[in-house]
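Structure first, commentary second.
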Amino acid sequence: MSNLSEQIISDHNKARSLAKEIQSTPLHQTMARQALFDEYKREVKIHALAEERVVYSEIEREQPNQGELAREMSHGEDEHDDINALLEKCDKLNVSDEIFNGTFNRLVDALEHHMQQEEKDLLPELNDAFSDKTLDSLNKRLSEQKESLKNMT
Ligand SMILES: [Fe+2]
Ligand SMILES: [Fe+2]
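Okay, here's the thing in structure tokens:
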């Protein structure tokens, strides 16, 4: 597995564990739930945007794998849009309201589906299609992109 895959999977696992924490924090603990959701939202948004700017854009530019990866990537981009829309929807709700949990669970399911697709299909194909040198440079650029997005928000 490349360092790039490891970085992406470790971001995904962070989102998974934050989601579990939110789901196991009782509704009445509003401040704790809000802080967890704010962190979750920020992590997911930064990961998705950095992934698009660095990894997806490289796939689009190089079109390796007879464009198969590019098709998967554009599907992934649509899923990012759906996930962002659900994040905004949750953001407008009260974290201590029952309705929040319903919308948040939909978000967690959509994100899990997306992350699994990246982990099972996109990343192995990416590791085959690009040289070690390219994968290393993508890994570096992805972490730099996340750093600069973190400093901006
Ligand atoms: Fe993604
Ligand atoms: Fe991802």
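At position 58 of the sequence shown the residue is numbered 70 (this note's numbering), and the sequence of numbers has no breaks. The beta-carbon is built from N, C-alpha and C at its ideal position, and this holds for glycine as well.
Original post:
Whose C-alpha, out of Ala31, Glu72, Lys26, Glu91, is nearest the C-alpha of His168?
Top reply: Given that the chain is displayed from residue 13 to residue 165, the structure contains no residue 168 and the question cannot be resolved.
Subject >> Sufficient close CB pairs (3 or more, under 8 Å) joining the region 103-111 to the region 35-49 >> reply: The region 103-111 and the region 35-49 touch, with no fewer than 3 CB-CB distances between them shorter than 8 Å.
Subject >> Spatially closest choice to Ile179 from Leu16, Asn96, His87, Ala47, by CA coordinates >> reply: Residue numbering for the chain in the displayed model covers 13 to 165; residue 179 lies beyond these limits and cannot be assessed.
**OP:** Please report the Cβ distance between Leu30 and Glu55, rounded to the nearest whole angstrom; I am assuming they are in contact, meaning their Cβ atoms lie under 8 Å.
**Re:** The Cβ separation is near 7 Å, so the contact holds.
Original post:
For ligand 1, any of its heavy atoms closer than 7 Å to the Cβ of His92?
Top reply: Yes, since a heavy atom of ligand 1 falls inside the 7 Å radius drawn around the Cβ of His92.
Original post:
Sorted by chain position, which residues of the same chain lie with C-beta nearer than 7 Å to Leu8's C-beta, five sequence neighbours on each side aside?
Top reply: Since the first and last residues shown for the chain are 13 and 165, residue 8 lies out of range.
**OP:** Would you tell me roughly how many angstroms separate the C-alpha atoms of Ile34 and Ala122, rounded to the nearest one?
**Re:** So the two alpha carbons sit approximately 16 Å from each other.
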